[in-house]
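Colleague: Numbering (UniProt numbering), first residue to last: 1 to 206.
For each residue, glycine too, the CB sits at the ideal point set by N, CA and C.
Before I ask anything, let me first share the structure, which is written out below as structure tokens.
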């Protein structure tokens, strides 16, 4: 028995995703870093709920795709999910295409967003390794955190760029069905720390 599988999003599109995946594995030298910082800086706008994206809107929104070697890579990641993303992207050498620290939209009558990091595997073999890793760690942590309002869950789905479809896996810190949102947002940071620790202790995929 594995961790809970979340329903795929009805739409999940990303422009220039193929180029982004190729750039992910192309390191930059110091001169290139300086030039890119001057000529192609990246920044995002913050919404009233803490979202970082192109327009500063809570929903719907579009965000830039940032290669891990871009000098502004971590500047465009929401603070609450940054350490988790680093553990996935750097400790396990995985291509992260999306992330969210979790946002409470209930004051405006919208369902909250849960904390998550999404990856696009480079190959079918890497896809299997990712699913197995996330499932293994999730089962372990969900047993340890059985009294917590947060559980580890996973979304196995796809991302579309025009007519090309890429497989994707998103790792979620999800609200347990028996919990309420206030408890979820109160405890999600603690659950995140447990997940980061487990990821760092696990053998690296990359």
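From residue 72 to residue 158, what does the alpha carbon distance come to, in whole angstroms?
Modeller: Answer to the nearest angstrom: the Cα atoms are 26 Å apart.
Colleague: Following the continuous beta strand (DSSP E) through residue 147, name the residue where it begins and the one where it ends.
Modeller: Unbroken run through residue 147: none, as it is neither H nor E.
Colleague: So for residue 172, helix, strand or coil by DSSP?
Modeller: Of the three classes helix, strand and coil, the one that applies to residue 172 here is strand, per DSSP.
Colleague: On the DSSP letters alone, give me the boundaries of the beta strand (DSSP E) that residue 100 sits inside.
Modeller: Its beta strand (DSSP E) spans residues 96-100.
Colleague: Checking 8 Å against the spacing of the C-beta atoms, do residue 169 and residue 108 come in under that value?
Modeller: Against a cut-off of 8 Å, the Cβ pair of residue 108 and residue 169 comes out as no contact.
Colleague: Tell me whether residue 166 sits in a helix, a strand or coil according to DSSP, three-state version.
Modeller: Residue state, collapsed to three classes: strand.
Colleague: Quick one: residues in its chain with C-beta nearer than 6 Å to the C-beta of residue 101, no 5 flanking neighbours on either side, listed in chain order?
Modeller: Excluding residues within five positions, the ones whose Cβ falls inside 6 Å are 78, 80, 81, 115.
Colleague: When DSSP labels each residue in this structure, what does residue 33 get in the three-state scheme?
Modeller: Of the three classes helix, strand and coil, the one that applies to residue 33 here is helix, per DSSP.
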